[in-house]
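Have a look at the structure below before the remarks.
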Amino acid sequence: MHFNIETSAMFEGVYNVINFLGGWLPFEYSGPRSEYMAGRESAWLGVNLNFSPAYDVWGKDVNTLMNYVCVNRDFAKLREGASRHAVICNEKGQMMADGVVIRIEENHYRCYFLAPVLQYYVETSDLDVAGKYIEDEYFYQIDGPKSLEIMEKATGCDLHDLKFAHNKKVQICGTEMTIHRLGMSGALAYEVHGAARDAETAYKRIRAVLEEYGGKPQGIRNYGIVNHTPAGYANQMQHYIYPLFNGDPGLAKFCQGKAINMPLRGSAADDENNFYLTPYDVGWGFLVNFDHDFIGKKALEKIAESPKHRIVTLEWNAEDVGDVFMSQFRGQDVDIYDPIEDHTSNSDGSYGAFVRGDYVMAEGKKIGVASGKTYAYYEKRMISLAVIDTEYAQEGKELTVLWGAEEFPKKEIRAVVAPFPYYQGEFRNETFDVEKIPHPDFKEQEIVKLDGKYDITVVVAGKENKGSFDYVTDGTVLKGTATAMGAIAEVVDGTVDGSHFYHSMRMKTPMGKMDIKVDGHLDGDTVSGTMKAMMITMHFTGKRRK
14 MHFNIETSAM
24 FEGVYNVINF
34 LGGWLPFEYS
44 GPRSEYMAGR
54 ESAWLGVNLN
64 FSPAYDVWGK
74 DVNTLMNYVC
84 VNRDFAKLRE
94 GASRHAVICN
104 EKGQMMADGV
114 VIRIEENHYR
124 CYFLAPVLQY
134 YVETSDLDVA
144 GKYIEDEYFY
154 QIDGPKSLEI
164 MEKATGCDLH
174 DLKFAHNKKV
184 QICGTEMTIH
194 RLGMSGALAY
204 EVHGAARDAE
214 TAYKRIRAVL
224 EEYGGKPQGI
234 RNYGIVNHTP
244 AGYANQMQHY
254 IYPLFNGDPG
264 LAKFCQGKAI
274 NMPLRGSAAD
284 DENNFYLTPY
294 DVGWGFLVNF
304 DHDFIGKKAL
314 EKIAESPKHR
324 IVTLEWNAED
334 VGDVFMSQFR
344 GQDVDIYDPI
354 EDHTSNSDGS
364 YGAFVRGDYV
374 MAEGKKIGVA
384 SGKTYAYYEK
394 RMISLAVIDT
404 EYAQEGKELT
414 VLWGAEEFPK
424 KEIRAVVAPF
434 PYYQGEFRNE
444 TFDVEKIPHP
454 DFKEQEIVKL
464 DGKYDITVVV
474 AGKENKGSFD
484 YVTDGTVLKG
494 TATAMGAIAE
504 VVDGTVDGSH
514 FYHSMRMKTP
524 MGKMDIKVDG
534 HLDGDTVSGT
544 MKAMMITMHF
554 TGKRRK
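So the numbering used here is basically just the index in the sequence shown, starting at one, shifted up by 13.
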């Protein structure tokens, strides 16, 4: 779904924005290090997957289709409400799509990132199946050690029972939301979904609690490789690409205009086959189940007998990285190396978005490709993932990365095979025991009784303006009307959180109609806070009428 750049709360505090696939998203808030470290110290809140192609598939034969298209175990055994990481391959065993599948009901699945490939098979199949894109759903991510506590307070629900890769339905500010224990930072994390009409309400509530716990919003620039590489989650727009346009001509034609064909860069970009990977290449062989027929089965059976490649983390030598960086300051007579200082390997504005891969060398020969180069801020290293020949995939093994796109001189950067996944901290999502975190005591969290009429004073340009609030609460939901500067407006997206309350309103002012955001605090019968309209912040105080 898309958000209004002028009115959406997610653009509050944003440093810059980007138009991505036809919709605006926050690009950056407080910087790469700050936003990433929030996910190690507290939590970050991301909205970046709202562009993801959610695709529903259903019908009498849906399990037959899913079992034929995907390499996974029988979908009929997936319980309602559960999810799995699904992979679609071509006849060579190369991945064509991968993403999360949630079983909505008996013959109905919601799939993320499997379309347009899954869509192609649905629309060309003779089976009793149908599908459609879901465009009226929001999708937020909350990653970090405080994410559980944040979501429990935001929803007023004990979520300790939610196991990794499972989901449940909860209420947030009177609206329904599905919360899924998944994330891409490697740490404890949750993904939340709900109806588009409730997107702002849910976001405001989560962000308010997030900031209370010291967390930060994260932009799309710092979501990608900065998270995926340290977490050990290979990604189709960062570490490999799909051969969508290099195989089945019917699929290639179908995907035109529906899929992103990312350009390649780096020393390994001389052969696009370097970027086509199998599930075994990225450590997902455990997802493949050979007890049924599926596309690519024969090829994968042969690969499974003796996998030739393995995914690892590489730690890049700091002196060599520094030498590449310093080459641009050695004078006009020295050729500079390919710039390396960008925080991720596919967001250098000089060349646009791309997938980068550089050859990994050992004993004078090419043994694989390194991709997803990034800063590991927590560990204070430069790292990447790499798919290399199995015999060299030993921790501590010394290798080199042949750094440099076509137009630059090449530089051999020393690298050492490091643990995979790189982040293996206490809060690793797959293994962390949430019982180490105290359960919430909601009996102690009484909702403030904000109901009533308040006479308020708003200070605008040094002058006092009289107005009023007329509030009614229903649990954490705030409704009512407000008058200020001679105009009246309905409360929109109102929420009460303890003594804190906030809402929006569209009000007619001498400067025209304005969207105003109210952020207030109740102390007994006194309210105080701010009203924000465009770039103007106004302060208000008020008393409840007796």
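Here a beta-carbon is modelled for each residue, glycine too, at the ideal position from N, C-alpha and C. It should be emphasised that the depicted structure is a prediction, and the values quoted were computed from it without experimental measurement.
Look at the stretch 143-214 and you find these whole runs of beta strand (DSSP E), each 3 residues long or longer: 143-146, 150-156, 180-185, 188-193, 202-208. Contact between the stretch 234-242 and the stretch 478-489 is absent, with fewer than three C-beta pairs closer than 8 angstroms.
Around K217, the same chain offers A22, D506, T508, Y515 as residues with beta carbons nearer than 7 angstroms, after the five sequence neighbours per side are excluded. Taking 3 residues as the minimum length, the beta strand (DSSP E) runs contained wholly in the stretch 36-99 are 36-41, 57-59, 67-71, in order along the chain. By the Cβ test, the stretch 59-73 is in contact with the stretch 130-146, since at least three Cβ pairs between them sit closer than 8 angstroms.
DSSP, read as helix, strand or coil, puts M109 in strand. Counted as a single uninterrupted DSSP element, the alpha helix (DSSP H) harbouring T137 occupies residues 130-137. By alpha-carbon distance to E162, the top candidate from V447, I501, G537, A375 is V447.
One thing to note: Y153 has its Cβ no nearer than 8 angstroms to the Cβ of Y68. Bounds of any alpha helix (DSSP H) do not take in G409, whose DSSP letter is neither H nor E. Scanning M108, F33, E148 for the CA closest to the CA of A212 turns up E148. For D468, the beta-bridge partners assigned by DSSP are S481, K556. With fewer than 16 other CB atoms across the displayed protein chains lying within 10 angstroms of its CB, A89 is exposed. Each of Y203, M395, Y81, N85 was checked against the Cα of A331, and the nearest Cα belongs to M395.
DSSP, reduced to helix, strand and coil, places I273 outside both helices and strands of the structure shown, so it counts as coil.
In the DSSP assignment, L491 falls within the unbroken beta strand (DSSP E) covering 490-497. In the DSSP assignment, V337 falls outside any beta strand (DSSP E) and within the unbroken alpha helix (DSSP H) covering 331-339. Taking a C-beta distance under 8 angstroms as the contact criterion, V382 and Q251 do not qualify as a contact pair. Closest option to F433, judged by alpha-carbon separation, among N274, T77, A221, A247: A247. Here the alpha carbons of P45 and S160 stand approximately 19 angstroms from one another.
L131 counts as buried, since no fewer than 16 other beta carbons sit within 10 angstroms of its beta carbon.
The beta carbon of R323 is closer than 6 angstroms to those of T403, A406 in its chain, skipping five residues each way along the sequence. Within the stretch 274-333, the complete alpha helix (DSSP H) segments at least 4 residues long are 310-318, listed from N- to C-terminus.
The C-alpha of I501 lies about 50 angstroms from the C-alpha of Q269. Burial of A281 is indicated by the presence of at least 16 other C-beta atoms within 10 angstroms of its C-beta. Using a 10 angstroms sphere on the CB of I185, the tally of other CB atoms reaches 16 or more, which defines it as buried. Residue environment for Q231: buried (at least 16 other C-beta atoms within 10 angstroms of its C-beta).
N32 is bridged by DSSP to W37. Assigned with DSSP and collapsed to three states, R394 falls in strand. In this structure, N63 sits near Y151, with a CB-CB distance shorter than 8 angstroms.
Judged by DSSP secondary structure, L535 falls outside any alpha helix (DSSP H) and instead within the beta strand (DSSP E) spanning 525-536. Contact annotation: F24 and E443 have beta-carbon atoms that are not nearer than 8 angstroms. With 16 or more other Cβ atoms inside 10 Å of its own Cβ, A51 counts as buried.
In this structure, DSSP gives L415 an extended state, which the three-state scheme calls strand.
An exposed status is given to F299, since fewer than 16 other beta-carbon atoms sit within 10 Å of its beta-carbon.
Cβ contact annotation for N302 (same chain, cutoff 8 angstroms, sequence separation greater than five): V84, N85, R86, D87, in chain order.
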